[in-house]
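Visitor: Protein chains in written order, with our numbering: chain A, 88 to 446; chain B, 861 to 1096.
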Amino acid sequence: MEHHSTRPDWTQYQKDIADDHYYYARSCIRQNFFPASEQTFLRILKDELGKDILDDAHHTTCTGIGYHTDVVPLETTMTVVARNFALMTEAGYKNYVPSCITSFGLYTEILETWHHFPETLEKTREFLYKATKREFNIPENLAHTSDVIFKFRNEIAAKAKFRLINKETGKPLRIVDHIGCHYAKMFPGKGIGGAEYPYVLAGMIEAWGGQTVDYPERRHCCGFGFRQYFVKANRSYSLSASRKKFESMEPFKPDAIVNNCPGCPYFLDRWQYVTAESEGKVFGPDNKPIPVLTYEEMAGLVLGYDPWDLGLQMHQVPVEPLMDKMGIPYDASKKYLDKNGKDIGKPVIPELFKSSVHE
Amino acid sequence: MSDYLKMLQEDVRFQEGLNACINCGTCTAICPAAEVYKYDPRILTDKLQARNEEVVEELLKSDEIWYCGECMSCKTRCPRDNVPGLLVIALRNLSQKTGLFAESEKGRQQLFLKRSIGEWILNYGYCVYAPHVTTKMFPEQGPVWDWIKDNMDEVYSRAGAKLGQDGPGCLRKIPDADLQELQSIFDVTGGTERYEQIEKVSAAKAAELNIPFDDSHSNPYFLKIYNENEKDHHEI
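#1: Going by DSSP in three states, D1013 (chain B) sits in which element: helix, strand or coil?
#2: If you measure between the beta carbons of D900 (chain B) and S964 (chain B), is that distance less than 8 angstroms?
#3: Could you tell me which uninterrupted alpha helix (DSSP H) segments, each at least 4 residues in length, are contained entirely in the region 315 to 372 of chain A, listed from first to last along the chain?
#4: For the beta strand (DSSP E) that contains Y183 (chain A), what are its first and last residues?
#5: Please check if any C-beta of chain A sits within less than 8 angstroms of the C-beta of F1073 (chain B).
#6: Would you verify that the beta carbon of P1080 (chain B) is, or is not, closer than 8 angstroms to some beta carbon of chain A?
#7: Please report the straight-line C-alpha distance between P275 (chain A) and R937 (chain B), rounded to a whole angstrom.
#8: For S323 (chain A), decide whether its Cβ has a neighbour in chain B, counting only Cβ atoms nearer than 8 angstroms.
#9: In the DSSP assignment, find the unbroken alpha helix (DSSP H) run with D1036 (chain B) in it and report its ends.
#10: Taking 8 angstroms as the cut-off, decide whether the C-beta atoms of I344 (chain A) and V263 (chain A) are in contact.
#11: Touching or not, the region 235 to 252 of chain A and the region 315 to 326 of chain A, by the rule of three or more beta carbon pairs under 8 angstroms?
#12: Closer than 9 angstroms, Cβ to Cβ, to anything on chain A: give me those residues from the region 975 to 1003 of chain B, in chain order.
#13: Determine the chain A residues that contact G1051 (chain B) at a beta-carbon separation under 7 angstroms, and present them in chain order.
#14: Look at the alpha carbon of I236 (chain A) and the alpha carbon of V389 (chain A), and state the distance between them as a whole number of angstroms.
#15: Which whole-angstrom value is the C-beta distance of C987 (chain B) and I152 (chain A), which I expect to be below 8 angstroms?
#16: Who are Q298 (chain A)'s beta bridge partners in DSSP?
#17: Looking at T195 (chain A) and T166 (chain A), is the spacing between their C-beta atoms short of 8 angstroms?
#18: Would you kindly work out how many angstroms separate the C-alpha atoms of H445 (chain A) and P408 (chain A), rounded to a whole number?
#19: Does any residue of chain A have a CB that is nearer than 8 angstroms to the CB of M932 (chain B)?
#20: What is the DSSP secondary structure of L904 (chain B), reduced to helix, strand or coil?
#21: The beta strand (DSSP E) with V379 (chain A) in it runs from where to where?
#22: Does DSSP put I131 (chain A) in a helix, a strand or coil?
#23: Do you know whose CA, among A:N253, A:S420, A:A244, lies nearest G290 (chain A)'s CA?
#24: How close, in whole Å, do the beta carbons of Q956 (chain B) and R1054 (chain B) come, if the pair is a contact with beta carbons under 8 angstroms?
#25: List the residues of chain B whose Cβ lies closer than 7 angstroms to the Cβ of E384 (chain A), in chain order.
#26: Residues of chain A with CB under 7 angstroms from F1046 (chain B), in chain order?
#27: Give the residues from the region 355 to 372 of chain A that approach chain B closer than 7 angstroms (Cβ to any Cβ), ordered along the chain.
#28: With a cut-off of 8 angstroms, does the C-beta of C1030 (chain B) fall near any C-beta of chain A?
#29: I want to verify the contact list: residues of chain A whose CB lies under 8 angstroms from the CB of S1017 (chain B), in sequence order.
#30: Give the DSSP-derived three-state secondary structure of D234 (chain A) in the structure shown.
#31: For Y1016 (chain B), I'd like the list of residues in its chain whose CB is within less than 6 angstroms of its CB, leaving aside the five on either flank, ordered along the chain.
#32: Kindly list the residues whose CB is nearer than 7 angstroms to the CB of H90 (chain A), restricted to its own chain and excluding five residues on each side of it in sequence; keep chain order.
#33: Sorted by chain position, which residues of the same chain lie with C-beta nearer than 7 angstroms to K331 (chain A)'s C-beta, five sequence neighbours on each side aside?
#34: Rounded to whole angstroms, what's the CA-CA distance from R130 (chain A) to G278 (chain A)? Just pull it up for me.
#35: Looking only at its own chain, which residues have a Cβ that is under 6 angstroms from the Cβ of K974 (chain B), when we skip the five neighbours before and after it?
#36: Are there three or more Cβ pairs, one per stretch, closer than 8 angstroms when the region 354 to 366 of chain A is compared with the region 995 to 1013 of chain B?
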């Protein structure tokens, strides 16, 4: 049980997180847009914390984005989820840790549905056996991967090479956290701190020396909206939501935004490019955009991992201003090289982002 | 008139999503969709609790049920445990089952979503697959994505991924046997039937509207539903 506050009203938002032997379920979005974050998670779990975690080649998408764009029916999604649970069961694991927040929310919703409507569980078992001849056990413990990093935040802090502290001023860096909607808005009791007082990322920020910014639109959606982003005709929905958040956080001069959902950092990163190019507007201090991180990237920086091993070159918004403030040394000339050091060209840097990088 | 309410009531999401709405409007105040669309989750919920078949049929044919982003912020905040987001999911499900989704501009977009996300799931085992993401379709990806696309193997390899390779890892090639199991699950559970229904109804609507339609991602109907809004969906 994770205890993280003396506030009595938070006791209902503390959760059990298994401490070892995890079955890892990868995220569609994180694999595509932040692939190094998943490698970093496994590196931290295995190399820093000495944990047992299975990286299984055979699991698939949970269909979550298909479900929330309404093209995949509930019965299909439940059975695909059940197949992933069957793979966990067959491998001898009981603790399921998905990398994706949409998955985490969907797994939670499905487990609740099976509990309250047991006939849907029986039907799912029939479907899965008919389709694959597989059988499954329900996980004993379901936790998002950010829950696991939260659980071990103090162990990570003890190994920290750098802290979320401005090396010039000695003051904590101001970090905006953004929690994926499906982490706790559907089932607040399943998320650390619930939906109103999210603590899963704030706990990491504080443990690693930083300061959380509780800005007005902290809980507003990033604007994914599933079909509202994927279909170009709907996409202004997505930009509008992210922009609302940027405007709300701007007065607090955030040094970075950190996310636990794979999709949110994509939107908060890419829509800053769009506001810079379309209206000449950036929202960070010093007339720069705000660096956007996954929690694995933040942990990796704290642990002193090479920023290009962390995949920070795949971001549109440069992360260098944050690394400069933390005092992290890096070789800018290696940012866009391949793994053998070969020159593979560079992306064009948007005009308003040029002051963030050392060329 | 079909028995829409009976069909909705069979959906656990409808059962869980509709209790007694007191029309307080908290859901609307917190809703990202209500900020930008002609959409009000309070009104949608109130329409459903009136339990009028004609009203439900109008909803199934309308753009109104396609504005929600399924963020589920409404679930957290409703003081009476209603969940407009779950009601929307149930309505969209029924709208596709009955074929009425093609009667609205936003509903017709389901064809794009089926032919992208829906097919990526079965073809690759992922909801999204980077080799198919371009800055033409997603210009907000910016110049960094053009660089990534031009050097896909090198960039993903540098990031520790296994793009298209065998064995475990990021963006690995999911084995054919696993993809066959996915297909089998879709066949057994109604997923394949849903995909076929979206194709069949969309083809009929394209013929009715006299817009060229084929299996490609470049036919005029497909491009129209992806790119265009004929109606004003925003001004109240």
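We put the beta carbon where it would ideally sit given N, CA and C, even for glycine. None of these values were measured; they are calculated from a predicted model.
Guide: The short version:
#1: The residue labelled residue 1013 (chain B) in the question sits at position 153 within the second sequence. Residue state, collapsed to three classes: helix.
#2: Translated into positions along the second sequence, residue 900 (chain B) becomes position 40. Translated into positions along the second sequence, residue 964 (chain B) becomes position 104. Against a cut-off of 8 angstroms, the Cβ pair of S964 (chain B) and D900 (chain B) comes out as no contact.
#3: Listed in chain order, the alpha helix (DSSP H) elements of length 4 or more contained wholly in the region 315 to 372 of chain A are 323 to 336, 350 to 366.
#4: For the purposes of this step, residue 183 (chain A) is identified with residue 96 of the first sequence, where counting begins at 1. Its beta strand (DSSP E) spans residues 182 to 185.
#5: Translated into positions along the second sequence, residue 1073 (chain B) becomes position 213. Chain A, which has no Cβ nearer than 8 angstroms to the Cβ of F1073 (chain B), makes this no.
#6: For the purposes of this step, residue 1080 (chain B) is taken as residue 220 along the second sequence, with counting starting at 1. Chain A contact via Cβ: absent.
#7: Taking the first sequence and counting its residues from 1, one reaches residue 275 (chain A) at position 188. Taking the second sequence and counting its residues from 1, one reaches residue 937 (chain B) at position 77. Distance between P275 (chain A) and R937 (chain B), taken at the CA atoms: about 11 angstroms.
#8: Residue numbering aside, residue 323 (chain A) sits at position 236 when the first sequence is read from its first letter. For S323 (chain A), the nearest beta carbon of chain B is closer than 8 angstroms to its own beta carbon.
#9: For the purposes of this step, residue 1036 (chain B) is identified with residue 176 of the second sequence, where counting begins at 1. Following the DSSP letters along the chain, one finds D1036 (chain B) inside the alpha helix (DSSP H) bounded by residues 1036 to 1049.
#10: The count along the first sequence starts at 1 and reaches residue 344 (chain A) at position 257. The count along the first sequence starts at 1 and reaches residue 263 (chain A) at position 176. For I344 (chain A) and V263 (chain A), yes; Cβs fall inside 8 angstroms.
#11: No contact exists between the region 235 to 252 of chain A and the region 315 to 326 of chain A.
#12: Those residues of the region 975 to 1003 of chain B that come within reach of chain A (Cβ to Cβ, closer than 9 angstroms) are S976, I977, G978, W980, I981, Y984, G985, Y986, C987, V988, Y989, A990, V993, M997, F998, P999, E1000, Q1001, G1002, P1003.
#13: Within the second sequence, residue 1051 (chain B) is the residue found at index 191, counting from 1. Under the 7 angstroms cutoff, chain A gives V159, P160, T163.
#14: What you label residue 236 (chain A) is simply residue 149 of the first sequence in a count that begins at 1. What you label residue 389 (chain A) is simply residue 302 of the first sequence in a count that begins at 1. Counting only the Cα atoms, V389 (chain A) lies some 13 angstroms from I236 (chain A).
#15: Along the second sequence, read from residue 1 onward, the residue named residue 987 (chain B) stands at position 127. Along the first sequence, read from residue 1 onward, the residue named residue 152 (chain A) stands at position 65. That pair is a contact at about 4 angstroms.
#16: Within the first sequence, the letter at position 211 stands for residue 298 (chain A). A:R261, per the DSSP bridge assignment.
#17: Position 79 of the first sequence, counted from the start, is the residue given in the question as residue 166 (chain A). Position 108 of the first sequence, counted from the start, is the residue given in the question as residue 195 (chain A). In this structure, T195 (chain A) does not lie closer than 8 angstroms to T166 (chain A) by Cβ.
#18: For the purposes of this step, residue 445 (chain A) is taken as residue 358 along the first sequence, with counting starting at 1. For the purposes of this step, residue 408 (chain A) is taken as residue 321 along the first sequence, with counting starting at 1. Separation of H445 (chain A) and P408 (chain A) (C-alpha to C-alpha, rounded to the nearest whole angstrom) is 10 angstroms.
#19: Residue 932 (chain B) sits at position 72 when you count from the first residue of the second sequence. Closer than 8 angstroms: yes.
#20: What you label residue 904 (chain B) is simply residue 44 of the second sequence in a count that begins at 1. Secondary structure at L904 (chain B): helix, using DSSP grouped into helix, strand and coil.
#21: Position 292 of the first sequence, counting from 1, holds the residue named residue 379 (chain A). Looking at the DSSP string, the run of the beta strand (DSSP E) that includes V379 (chain A) is 379 to 381.
#22: To locate residue 131 (chain A), count along the first sequence from 1; it is residue 44. The answer is helix: DSSP assigns I131 (chain A) an H, G or I state.
#23: In the first sequence, the residue the question calls residue 290 (chain A) occupies position 203. The residue with the shortest Cα to Cα distance from G290 (chain A) is A:A244.
#24: Stepping through the second sequence from its first residue, residue 956 (chain B) is reached at position 96. Stepping through the second sequence from its first residue, residue 1054 (chain B) is reached at position 194. Sure, about 6 angstroms apart at Cβ, within 8 angstroms.
#25: Within the first sequence, residue 384 (chain A) is the residue found at index 297, counting from 1. By Cβ distance, chain B contributes nothing, its closest Cβ being about 11 angstroms from E384 (chain A), past 7 angstroms.
#26: Along the second sequence, one-based indexing puts residue 1046 (chain B) at 186. Simply T163.
#27: Listed by position, the residues of the region 355 to 372 of chain A near chain B (Cβ gap below 7 angstroms) are R357, W358, Y360, V361.
#28: By one-based count along the second sequence, residue 1030 (chain B) stands at place 170. C1030 (chain B) has a beta carbon lying within less than 8 angstroms of a beta carbon in chain A.
#29: Counting from one through the second sequence, the residue named residue 1017 (chain B) turns up at place 157. Going along chain A in sequence order, the residues near S1017 (chain B) (Cβ under 8 angstroms) are D425, K426.
#30: What you label residue 234 (chain A) is simply residue 147 of the first sequence in a count that begins at 1. Assignment of D234 (chain A) by DSSP, reduced to helix, strand and coil, places it in the helix class.
#31: The count along the second sequence starts at 1 and reaches residue 1016 (chain B) at position 156. The beta carbon of Y1016 (chain B) is closer than 6 angstroms to those of L1023 in its chain, skipping five residues each way along the sequence.
#32: Numbered from its first residue, the first sequence carries residue 90 (chain A) at position 3. At H90 (chain A), the pLDDT of 49 sits below 50, so the modelled position is not reliable; the number obtained from the coordinates is stated separately. Only Q101 meet the Cβ criterion.
#33: Locating residue 331 (chain A) in the first sequence gives position 244, counting from the first residue. Same-chain partners within the cutoff: E304, H307.
#34: The residue labelled residue 130 (chain A) in the question sits at position 43 within the first sequence. The residue labelled residue 278 (chain A) in the question sits at position 191 within the first sequence. Using only the alpha carbons, I get a separation of about 24 angstroms.
#35: Start at 1 with the first residue of the second sequence, and residue 974 (chain B) comes out as number 114. These residues qualify, in order along the chain: Y1055, I1058.
#36: Because the criterion of three Cβ pairs below 8 angstroms is met, the region 354 to 366 of chain A and the region 995 to 1013 of chain B touch.
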